[in-house]
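Read the structure below first, then the notes.
Residue numbers (the working numbering), protein chains in the order written: chain P, 1 to 226; chain S, 227 to 315.
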């Protein structure tokens, strides 16, 4: 576990350098785990029962909990985008839990969080134009056309603050744990770091995942119905 | 060499000053928490919605602290001024 992101190898595609870093490899591992989990669940759910038991029970509880949470924030009309945010929730939560195993969390790299925040931002613009048509453009000129630059900066600050919040929290956990591992003698590195991992990875990771998802849901709702 | 040492020392001091905004962030977050607990005690039936609003407010207040942390990290590990100075020398 180190502070800087290791670079494994450099690909050369049509004259462009593509760096395969630690973050990308860890993201692939997480994607693989999530896809395998999804396939297992899909195969298991082929024997669908009316009275859930075992795995089906757990899956139904998780989906129902997230559905209620998203519908409560978004409202009934917009709840068809809930699956996308369930994916974002699963990805960020599993990537912050990833650093419990001593590997670097992909969300401790600004590229990952900026990509997620830009995806949320594009979705927000798309939902705004889909549900409000031309009226969405008019909201940039309210209450007076003179406020247009201010409104534009306010909109552009949304993905920046969204990505920096997640990145800063995850990076601070990584820095504190790296400092602990590099400054202490070897005999206190057994057992005691689990407490730090529990606080900085599990608790803060879950809290920041919740905050990321609920704030993007609020942005989408504000853009789509006013 | 002396100039480089001066620049590095100034970068470290400015990183420490950047982290001082944690004081104000903590005061803001403490105020949010105190008000939320007070209103939860007054209206226990509205506790769920107050809690979710409190978390959003905490995250918003935390943003300035995170910005300070990022500026400090840039000052320490990716300082652009030192490269400019090295090119200049």
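Just so you know, even glycine gets a beta-carbon here, dropped at the ideal spot from N, CA and C.
#### Entry: Reduced DSSP category for residue 22 (chain P) - H, G, I as helix; E, B as strand; rest coil
helix
#### Entry: Contact belief for residue 88 (chain P) with residue 213 (chain P) at Cβ below 8 Å, rounded distance in angstroms
6 Å
### Task
Have a look at residue 6 (chain P) and residue 69 (chain P) and give me their C-alpha separation to the nearest angstrom.
38 Å
### Query
Alpha carbon to alpha carbon, how far is residue 162 (chain P) from residue 117 (chain P)?
6 Å
### Message
Here's a check: name, in chain order, each residue in its chain whose Cβ is nearer than 6 Å to the Cβ of residue 216 (chain P), leaving out the five neighbours to either side.
### Response
120
### Query
Mapping DSSP to helix, strand and coil, what is residue 11 (chain P)?
strand
### Task
Mind checking which residues open and close the alpha helix (DSSP H) that includes residue 280 (chain S)?
273 to 303
### Query
Based on Cα-Cα distance, which residue from S:277, S:248, S:227, S:284 lies nearest to residue 257 (chain S)?
S:284
### Query
Exposed or buried, residue 42 (chain P), counting other C-beta atoms within 10 Å across all chains shown (16 or more means buried)?
exposed
#### Entry: Candidates P:83, P:54, P:53, P:141: closest to residue 65 (chain P) by CA position
P:83
### residue 215 (chain P): first and last residue of the uninterrupted alpha helix (DSSP H) it sits in
204 to 224
### Message
Taking its Cβ as the centre, do 16 or more other Cβ atoms sit within 10 Å of residue 228 (chain P), making it buried, or is it exposed?
### Response
There is simply no residue 228 (chain P) to check, as chain P begins at 1 and stops at 226 in what is shown.
### Query
Are any of the Cβ atoms in chain S nearer than 8 Å to that of residue 168 (chain P)?
yes
### Task
Can you pull the chain P residues whose beta carbon is under 7 Å from the beta carbon of residue 295 (chain S), in chain order?
168, 172
### Task
Quickly, what does DSSP pair residue 187 (chain P) with across the bridge? List them, please.
DSSP, once it has assigned bridges, lists no residue as partnering residue 187 (chain P).
### Query
If the cut is a Cβ gap below 8 Å, which residues of chain S does residue 165 (chain P) touch?
285, 288, 289, 292
### Query
Could you give the residue range of the alpha helix (DSSP H) that holds residue 122 (chain P)?
110 to 132
### Query
Does the beta carbon of residue 80 (chain P) sit closer than 8 Å to a beta carbon anywhere in chain S?
no
### Query
How is residue 16 (chain P) classed by DSSP in three states: helix, strand or coil?
strand
### Task
Name the residue from P:169, P:148, P:126 whose alpha carbon lies nearest to the alpha carbon of residue 225 (chain P).
P:126
### Task
Consider the Cβ of residue 1 (chain P): report whether some Cβ of chain S lies at a distance smaller than 8 Å.
Low per-residue confidence applies at residue 1 (chain P): pLDDT is 49, beneath 50, and the placement is therefore not dependable, though the value from the model is reported in the following sentence. No - not a single Cβ of chain S is within 8 Å of the one on residue 1 (chain P).
### Query
Does DSSP put residue 54 (chain P) in a helix, a strand or coil?
coil
### Query
Under 8 Å, do residue 26 (chain P) and residue 103 (chain P) count as touching if we go by C-beta distance?
yes
### Query
Assuming residue 78 (chain P) and residue 220 (chain P) make a contact with CB atoms under 8 Å, what is their CB distance in whole Å?
7 Å
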